[in-house]
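Read top to bottom, the protein sequences are chains H and L. Numbered according to our numbering, the first sequence spans residues -17 to 111. Numbered according to our numbering, the second sequence spans residues -3 to 459. Read the structure below first, then the notes.
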Amino acid sequence: MKGITVCLSGANAADTAKTLGARLIELGHNAEQIDSEAVNRLGGLAGAAHACLLLSRNGVIAVSTCAGLKPEGETLAVEIDGNDTPDFAAEKILDTLASAGLVSLETGDYSPEEEEQIRRRLASLGYIE
Amino acid sequence: MTRKRAERVLVIGLDCATPQFVFGPNRYEMPNLQALAARGCWGLLRSCHPPITVPAWASMMSSKDPGTLGYYGFRNRKDRSYDAMFTANSTAVKEKRVWDILSRQGKKVVVLGVPQTYPVSPVNGWLVSGFLAPNTDSDFTYPKALKTELREAVGEYIIDVKDYRTDDKDRLIKQIHGMLDNRFAYARYLMDSKPWDFFMMVEMGVDRLHHGLWQHIDPTHPKFVPGNPYENVLRDYYRAVDNHIGELLTRVGDETAVFIVSDHGAKSMHGGICVNQWLINEGLLTVRDKLDGRKRIEDCDIDWSRTKAWSSGGYYARLFLNVEGREPQGIIPADQYEAVRDEIVRKLEAMTDHEGKPLNTKAHKPEDLYRTVKGVAPDLIIYFGDLYWRSVGSVGFDSIYTFENDTGPDDANHDYNGIFVMDDRSGRAGQELQGLQLMDVAPTILDVLGVDVPADMQGKVIN
């Protein structure tokens, strides 16, 4: 997996970062939050910027909400649209990452039992036999 | 006419609502819908090929034809093997639908009961999936927590009617009315509790009632009995739908453009053509089974080395050819494909009914219907008897004509035209529009909201 640093700004950036991180993990990716607390632990913005490079080199998608952070390595800067809920803003970012080939967004499908349940329903409704 | 931009759009979808009951000289009394049409505009809305719920609603909302969408009904061949099939749920929809586009424009959307929305995908708002959700234990809403909120506020969601194929018509009618009340109760709750710019709902009960009770209301149906107790059942149902529409309309003002649409219409079903039995009789299909009773074609042991064609049943027929180098055991040489297909078209279209009268069957080649043909399309899409007859896929019949349905009573087939009503508050004063098609709806919604229409949409803006 290829990593990248996603820098979020604008409305709901912190909430969107949390949602995005959770969705990335749900999709099987390694994700790390680079918030102000992480920046302090990394010795300031310069250390955090370099940590982003190390993370992305190792396939981690880092999600930053720190103003002023200029990550080393590949970066995606996103200003959140104030009209978007955090979870939908996160989905839009996932779309962008998917377009860049960094994540795969295959959604779940029926289990075999559900598939058979639906097949029977459709037959009962006359759509199929 | 200069269109007045709307701040919001409300779309009420009525699956299978048919023009003769809404617009015709014998239309039912639907004061709310008809007042809307009298203020705005209305017309017949030509469905897609095939005129079936899937792919019709997705065609309407993406403005793409089924060939571009890459599926041709609910169940589709996954590949060129003989038995791998998939159900065209939301994962099959690769094109953006109106609410996807509006979500990405920052508009708040509510989507309720629209076919092919399960499994759910995130939207900028709230989504309750339609009848392809397996059950109410599944995650059929977006966000997930919406399911609990709705259950507590409104009650359990009725995905569809149960035990649909029944002779107990009273119970069926009660169920269908129950689903109608439930769907609109969900709509009212969502409309009242969520901020929205685009609200779309689809009610399936119209379709279910047509199929279940058409013979009781249509004097042209072969089984119609004058004075039967269900003669007014559709009139009463359409009126109940209209009352619910009226309740929703009280919640919107001049800032909202309103659309009422259906994906196809309905007509009397006179019988079924046993398409695979016909193929057997014509020497085009060979099964090894001893046919001493009716059997689903899927359960038959087909001798592919002696089979040129097979077909699926349903409201229309999907016929596939067994082509050398394409199907695993294909026997039609590729250079004879067109000749074989043309010969089958000729025979199908020459078919007569059980009384020897012309049947008026139409067999379409997908490349003649669509801009592009994706997925594994049927080699022929067949409408028996101009859709007055359905396709029966099972074999083991003495005749190619049947007046019984293996899966239970079904009185209606789909028809090519649905309904379109739009009040975009532009002072159209009841204008009747001609030449409308499903794919025109999505670009019109975007235009009404002042959103750019994507260049790859295949329909036109209605104005």
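Ideal Cβ positions, reconstructed from N, Cα and C, are used throughout, including at glycine. Since the model is a prediction, treat every value here as computed from it, not as a measurement.
DSSP, read as helix, strand or coil, puts W192 of chain L in coil. For Q433 of chain L, the pairing in a beta bridge is given by DSSP as L:R42.
The Cβ-Cβ distance between R204 of chain L and Y24 of chain L does not fall below 7 Å. The DSSP assignment places complete alpha helix (DSSP H) segments of no fewer than 4 residues inside the segment 1 to 53 of chain L at 15 to 18 and 27 to 35, in order along the chain. The three-state secondary structure of G126 of chain L, taken from DSSP, is coil. Chain-order list of chain L residues neighbouring Q15 of chain H: empty, with the shortest C-beta distance near 21 Å, by a criterion of under 7 Å. For F70 of chain H, the uninterrupted alpha helix (DSSP H) run begins and ends at P68 to S81, by DSSP. Chain-order list of chain H residues neighbouring L128 of chain L: I100, by C-beta distance under 7 Å. Along the segment 56 to 87 of chain H, going in chain order, the ones with a CB nearer than 7 Å to a CB of chain L are D63, N65, D66, T67, D69, F70, E73 and K74.
At a Cβ-Cβ threshold of 7 Å, N65 of chain H and G102 of chain L count as neighbours. Interface annotation, N272 of chain L: not in contact with chain H, CB-CB separation never under 7 Å. Within chain H, the residues placing a beta-carbon under 8 Å from that of I48 of chain L are Y109, ordered along the chain. Taken atom to atom, the span from the alpha-carbon of Q454 of chain L to that of K370 of chain L is near 15 Å.
With contact defined as three or more Cβ pairs closer than 8 Å, the segment 70 to 77 of chain H and the segment -15 to 3 of chain H are in contact. Residue environment: I7 of chain H is assigned as exposed (fewer than 16 neighbouring CB atoms within 10 Å of its CB, all protein chains considered). Pairing T(-2) of chain H with A59 of chain H, the inter-Cα distance amounts to about 13 Å.
Using a Cβ distance threshold of 7 Å, H260 of chain L and H410 of chain L count as a contacting pair. When Cβ pairs closer than 8 Å are counted between the two stretches, the segment 208 to 218 of chain L is seen to touch the segment 249 to 268 of chain L, the count reaching three or more. With fewer than 16 other Cβ atoms from the protein chains shown falling within 10 Å of its own Cβ, G431 of chain L counts as exposed.
The beta-carbon of H207 of chain L is placed less than 7 Å from the nearest beta-carbon of chain H. The beta carbon of R73 of chain L sits no closer than 7 Å to any beta carbon of chain H.
By the Cβ criterion, the segment 371 to 378 of chain L is not in contact with the segment 286 to 300 of chain L, since fewer than three pairs of Cβ atoms, one from each stretch, lie closer than 8 Å. Of the candidates L:R(-1), L:N22, L:L32 and L:P21, the residue whose Cα lies closest to the Cα of D238 of chain L is L:L32. The C-beta of E96 of chain H comes closer than 7 Å to at least one C-beta of chain L. Only buried fits P47 of chain L, as 16 or more other CB atoms lie within 10 angstroms of its CB. Here the segment 383 to 396 of chain L does not lie against the segment 84 to 97 of chain L, with fewer than 3 beta-carbon pairs under 8 Å apart. Residue range V229 to L245 is occupied by the alpha helix (DSSP H) that includes Y234 of chain L.
Considering only L:G39, L:D11 and L:F399, the residue with the shortest C-alpha distance to G426 of chain L is L:G39. Counting only residues of its own chain and dropping the five nearest sequence neighbours on each side, K190 of chain L has a CB closer than 8 Å to the CB of K104, V106, G121 and W122. Taking 7 Å as the threshold, the shortest C-beta distance from G261 of chain L to chain H does not fall below it.
Distance from N413 of chain L to S77 of chain L at the Cβ level is roughly 36 Å; contact not present, criterion being Cβ atoms closer than 8 Å.
Shown here, T398 of chain L sits in a strand according to DSSP, grouped into three states. Judged by DSSP secondary structure, A359 of chain L falls within the beta strand (DSSP E) whose first and last residues are K358 to H360. DSSP lists L:M81 and L:V372 as the beta-bridge partner residues of R73 of chain L. In this structure D382 of chain L touches K358 of chain L by the C-beta definition: roughly 7 Å separates them, less than 8 Å. At a cut-off of 7 Å between C-beta atoms, D91 of chain H counts as an interface residue with respect to chain L.
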